[in-house]
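Colleague:
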Amino acid sequence: MVSSRLTVSLAERRIEKALGHVSDFWIPVNDLLLSEIRSEVAEATDEAVVPEIIAKLKGDFSLFFHSLRKLAGLIRESDGEVETKNPISLLEEGGLQALKAIFSSDENISRLSFDSGSDAQLARFHEVLVSAASSVSLAESYGIDKDAAYSASVIRQLGLTLIAWNYPGIYQEVVSTLGRSSSLEEQLSRRLGFSPQLLAIRLFQLWGFEPSFATIHGLYDPAMKGEEELKEAMADTLVELCRVGETLARAHHPELYPSARSDFEEASQIITARLGPKGLRIIQEKVEELMETYYTFMPEVYDYGLENLYELPEEVQAAVAPGEIERNPFLACCTPEVGRAIRRLYTHIDGGMDPAVTTRVLVDDVIPIGKFSGGCVYTADPSIMMLMPQFPFGKLKLRKLEGVDYSVVLSNADMVSLAFQDAEPVVEYKVTEDGQVMTAVAGMFGGTQRVGVLYLEIPEMVSDFVKDEQVLHFQAMRYALVECLRLM
Numbered sequence: 003m004v005s006s007r008l009t010v011s012l013a014e015r016r017i018e019k020a021l022g023h024v025s026d027f028w029i030p031v032n033d034l035l036l037s038e039i040r041s042e043v044a045e046a047t048d049e050a051v052v053p054e055i056i057a058k059l060k061g062d063f064s065l066f067f068h069s070l071r072k073l074a075g076l077i078r079e080s081d082g083e084v085e086t087k088n089p090i091s092l093l094e095e096g097g098l099q100a101l102k103a104i105f106s107s108d109e110n111i112s113r114l115s116f117d118s119g120s121d122a123q124l125a126r127f128h129e130v131l132v133s134a135a136s137s138v139s140l141a142e143s144y145g146i147d148k149d150a151a152y153s154a155s156v157i158r159q160l161g162l163t164l165i166a167w168n169y170p171g172i173y174q175e176v177v178s179t180l181g182r183s184s185s186l187e188e189q190l191s192r193r194l195g196f197s198p199q200l201l202a203i204r205l206f207q208l209w210g211f212e213p214s215f216a217t218i219h220g221l222y223d224p225a226m227k228g229e230e231e232l233k234e235a236m237a238d239t240l241v242e243l244c245r246v247g248e249t250l251a252r253a254h255h256p257e258l259y260p261s262a263r264s265d266f267e268e269a270s271q272i273i274t275a276r277l278g279p280k281g282l283r284i285i286q287e288k289v290e291e292l293m294e295t296y297y298t299f300m301p302e303v304y305d306y307g308l309e310n311l312y313e314l315p316e317e318v319q320a321a322v323a324p325g326e327i328e329r330n331p332f333l334a335c336c337t338p339e340v341g342r343a344i345r346r347l348y349t350h351i352d353g354g355m356d357p358a359v360t361t362r363v364l365v366d367d368v369i370p371i372g373k374f375s376g377g378c379v380y381t382a383d384p385s386i387m388m389l390m391p392q393f394p395f396g397k398l399k400l401r402k403l404e405g406v407d408y409s410v411v412l413s414n415a416d417m418v419s420l421a422f423q424d425a426e427p428v429v430e431y432k433v434t435e436d437g438q439v440m441t442a443v444a445g446m447f448g449g450t451q452r453v454g455v456l457y458l459e460i461p462e463m464v465s466d467f468v469k470d471e472q473v474l475h476f477q478a479m480r481y482a483l484v485e486c487l488r489l490m
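Just so we're aligned, residue 3 is where the sequence shown starts under our numbering, counting upward by one.
Printed below as a string of structure tokens:
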């Protein structure tokens, strides 16, 4: 009993400390927009300007919630009750008088700035905008008011965004180690001792909102609910709507989420079913509209995303164009599924996607389609005559991740070093510790300038004997790796 009370007390201290910290530092604001709104509010004499100003606030995540916090404080000061309705309605009811009270001060809203933001922090900010744009675009198809959809989408993202900007070290560490089936929220909860959603729930309570406000807008903390009640809440239409936008937002960032490709496919199917074949384009236009106020001072946020994904045709033809044969002579030998996956990868490469991201797309979304279960990219270090494992992926069962000597004396000791010396792939059968028969394939990449070795494993179900198809797939992926790393 004592232990239980101590645990609760420790958890409470953690969340209380976090509430104080995020309230003090907050989230960066668009200073240009803030200055513009302050001027407009100061000069305004008519309620007619209120909808326009609220529309501008919706374009800035930080200012939107700052306004809501201040409005809740004004209501409490007048002995009023903060009603449980969507924030946009509350701002509209507050009118010009409330806006003047909120923006009359020259106070510094945040200690943080976009200039100091890391890629992961800016990506989080971009995810909020994509999620909001998606939710607003889909709202009508779910029978939900657009303002309610916008409010719920940004409310559900508040906790994650506060953590990204106020606990940048922990956030960066977690996103850097996310697996394909990992949940960002769950991993952050383990590290911090509280969930992002609980942080947002408690923050709204601190501002004076009833607990039901968070629930109505899709915030749920599993630790605060019974299992059956949680399941019922998860089925809520508003939450379902928001999750489509959140899934599409993750798909924009394969550099952070290994599940990006499957996220895109899941979201695009729902969006196409509800909005038609031009659904993704509709959402992209809404994203651009929300980002418009940031383009002049923060174009890197505007540029985030996988625009090339929007351009992908519904079906990629199996026929290989002459230029593709020159680019990858083994592409014509691939199965249609593998061929399509490699072509999608080339779309990202041609669009200028970062080499680290395209390599991640190759190992997460292309290589598994070829039925390879795991592997590693080795690079050569001539100073010590060693091939060093730089990029392991999937499940490796046949070898340990350690350097491989490729000197002349020991060149016949390991298939990876043998492959580095040969232009053709090296294929070996091996048995795992649990008795599973597997096939390993290794091949040098880099052309005339030998850079390293791609090593892949084939599970038992496809390696009773080495199919020519598997070796051809390996060759095609070896060529693709060279382009991912910009070695051509």
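Ideal Cβ positions, reconstructed from N, Cα and C, are used throughout, including at glycine.
I'd like the ranges of any alpha helix (DSSP H) spanning at least 4 consecutive residues and lying wholly in the region 383-447.
Modeller: 417-423
Colleague: From the DSSP output, in three-state form, read off G210 for me.
Modeller: Along the sequence shown, one-based indexing puts residue 210 at 208. In the structure shown, G210 sits in coil (DSSP, three-state: anything other than H, G, I, E or B).
Colleague: Run through DSSP, which three-state label would M479 get?
Modeller: Your numbering for residue 479 matches position 477 in the sequence shown. In the structure shown, M479 falls within a helical segment according to DSSP collapsed to helix, strand and coil.
Colleague: Can you look up E42 in the DSSP assignment and give me helix, strand or coil?
Modeller: By one-based count along the sequence shown, residue 42 stands at place 40. It is helical.
Colleague: Check the DSSP bridge columns for C378 and list the partner residues they point to.
Modeller: As a first step, residue 378 must be located in the sequence shown, where it is residue number 376. BP columns for C378 point to P394, Y457.
Colleague: Helix, strand or coil, according to DSSP, for H254 in the structure here?
Modeller: Numbered from its first residue, the sequence shown carries residue 254 at position 252. Correct three-state label for H254: coil.
Colleague: In or out: S409 buried (at least 16 other Cβ within 10 Å) or exposed?
Modeller: Within the sequence shown, residue 409 is the residue found at index 407, counting from 1. The residue in question, S409, is exposed, as its Cβ has fewer than 16 Cβ neighbours within 10 Å.
Colleague: Compare the C-alpha of I344 against each of S270, R15, A482, V43 and name the closest.
Modeller: Working through the sequence shown from its first residue, we reach residue 344 at position 342. Of the listed residues, the one whose Cα sits closest to I344 is A482.
Colleague: Roughly how many angstroms separate the alpha carbons of S385 and D407, rounded to a whole number?
Modeller: In the sequence shown, the residue the question calls residue 385 occupies position 383. In the sequence shown, the residue the question calls residue 407 occupies position 405. Taking the straight line joining both Cα atoms gives about 12 Å.
Colleague: Is V439 buried or exposed, if buried means 16 or more other CB atoms sit within 10 Å of its CB?
Modeller: Taking the sequence shown and counting its residues from 1, the one referred to as residue 439 is at position 437. Exposed.
Colleague: Going by beta carbon distance, what residues of the same chain come within less than 6 Å of R113, once the five residues before and after it are set aside?
Modeller: Here residue 113 corresponds to residue number 111 of the sequence shown, with the count starting at 1. Hits under 6 Å: F27.
Colleague: Thinking C-alpha only, which one of Q189, A141, R329 is nearest E242?
Modeller: By one-based count along the sequence shown, residue 242 stands at place 240. When only C-alpha atoms are compared, the closest one is A141.
Colleague: Alpha carbon to alpha carbon, how far is H255 from F66? Give it in angstroms, no decimals.
Modeller: Translated into positions along the sequence shown, residue 66 becomes position 64. Translated into positions along the sequence shown, residue 255 becomes position 253. Taking the straight line from one Cα to the other gives about 24 Å.
Colleague: Would you check if the region 116-132 and the region 277-284 touch, i.e. whether three or more CB-CB distances between them fall below 8 Å?
Modeller: no
Colleague: Does N168 come out as helix, strand or coil in the three-state DSSP assignment?
Modeller: Position 166 of the sequence shown, counted from the first residue, corresponds to residue 168. The answer is helix: DSSP assigns N168 an H, G or I state.
Colleague: With a floor of 3 residues, list each beta strand (DSSP E) that falls wholly inside the region 36-123, ordered by position along the chain.
Modeller: none
Colleague: Nearest CA to the CA of G220: which residue from Q207, R204, I172, Q199?
Modeller: Your numbering for residue 220 matches position 218 in the sequence shown. The shortest C-alpha separation from G220 is found at Q199.
Colleague: Enumerate in chain order the residues of its own chain whose CB-to-CB distance from R16 is below 8 Å, with the five nearest sequence positions on each side excluded.
Modeller: Start at 1 with the first residue of the sequence shown, and residue 16 comes out as number 14. L194, G195, F196.
Colleague: If I measure Cβ to Cβ from A202 and keep anything under 6 Å in the same chain, skipping five residues before and after, which residues do I get?
Modeller: As a working note, residue 202 is residue 200 in the sequence shown. For A202, where only same-chain residues beyond five positions count, the Cβ hits under 6 Å are L160, G161, L221.
Colleague: Measuring CA to CA, which of L456, G210, V473, M293 is closest to V484?
Modeller: Working through the sequence shown from its first residue, we reach residue 484 at position 482. Answer by Cα proximity: L456.
Colleague: State the DSSP-derived secondary structure class of M293, mapped to helix, strand or coil.
Modeller: Indexing the sequence shown from 1 puts residue 293 at position 291. Reduced to three states, the DSSP call for M293 is helix.
Colleague: Checking 9 Å against the spacing of the C-beta atoms, do M479 and L389 come in under that value?
Modeller: Within the sequence shown, residue 479 is the residue found at index 477, counting from 1. Within the sequence shown, residue 389 is the residue found at index 387, counting from 1. No, the Cβ-Cβ distance between M479 and L389 is not below 9 Å.
Colleague: Rounded to the nearest angstrom, what separates M355 and D121 at their Cα positions?
Modeller: Along the sequence shown, read from residue 1 onward, the residue named residue 355 stands at position 353. Along the sequence shown, read from residue 1 onward, the residue named residue 121 stands at position 119. Whole-angstrom Cα-Cα distance: 14 Å.
Colleague: Could you tell me the boundaries of the alpha helix (DSSP H) in which A269 lies?
Modeller: Taking the sequence shown and counting its residues from 1, the one referred to as residue 269 is at position 267. It spans 262-277 - the alpha helix (DSSP H) in which A269 sits, taken as one unbroken run.
Colleague: Can you give, in chain order, each stretch of the alpha helix (DSSP H) that sits fully within the region 171-204 and has at least 4 residues?
Modeller: Every unbroken stretch of the alpha helix (DSSP H) spanning 4 or more residues and falling wholly within the region 171-204 is given here in chain order: 186-194.
Colleague: Are there three or more Cβ pairs, one per stretch, closer than 8 Å when the region 99-109 is compared with the region 138-156?
Modeller: These segments do not touch.
Colleague: Between the beta-carbon of L489 and the beta-carbon of R204, is there less than 9 Å?
Modeller: Mapped onto the sequence shown, residue 489 falls at position 487. Mapped onto the sequence shown, residue 204 falls at position 202. Taking 9 Å as the Cβ cut-off, L489 and R204 do not qualify as a contacting pair.
Colleague: Quick one: is L489 near chain C, going by C-beta distance under 9 Å?
Modeller: The chain labelled as chain C is not found in the depicted structure, where only one protein chain is given.
Colleague: If you compare alpha carbons, which of A275, G210, P260, I285 is closest to G247?
Modeller: Counting from one through the sequence shown, the residue named residue 247 turns up at place 245. The shortest Cα separation from G247 among A275, G210, P260, I285 belongs to I285.
Colleague: Indicate whether the contact test is met: 3 or more Cβ pairs, each with one atom in the region 148-157 and one in the region 268-276, closer than 8 Å.
Modeller: no
Colleague: Give the straight-line distance between the Cα atoms of G82 and L208, rounded to the nearest whole angstrom.
Modeller: As a working note, residue 82 is residue 80 in the sequence shown. As a working note, residue 208 is residue 206 in the sequence shown. Their Cα atoms are separated by approximately 16 Å.
Colleague: With distances taken Cα to Cα, identify the nearest neighbour of L34 among V52, E339, K58.
Modeller: Counted from its first residue, the sequence shown places residue 34 at position 32. It is K58 whose Cα lies nearest to the Cα of L34.
Colleague: DSSP state of I29, grouped into three classes?
Modeller: By one-based count along the sequence shown, residue 29 stands at place 27. In this structure, I29 counts as coil in the three-state DSSP scheme.
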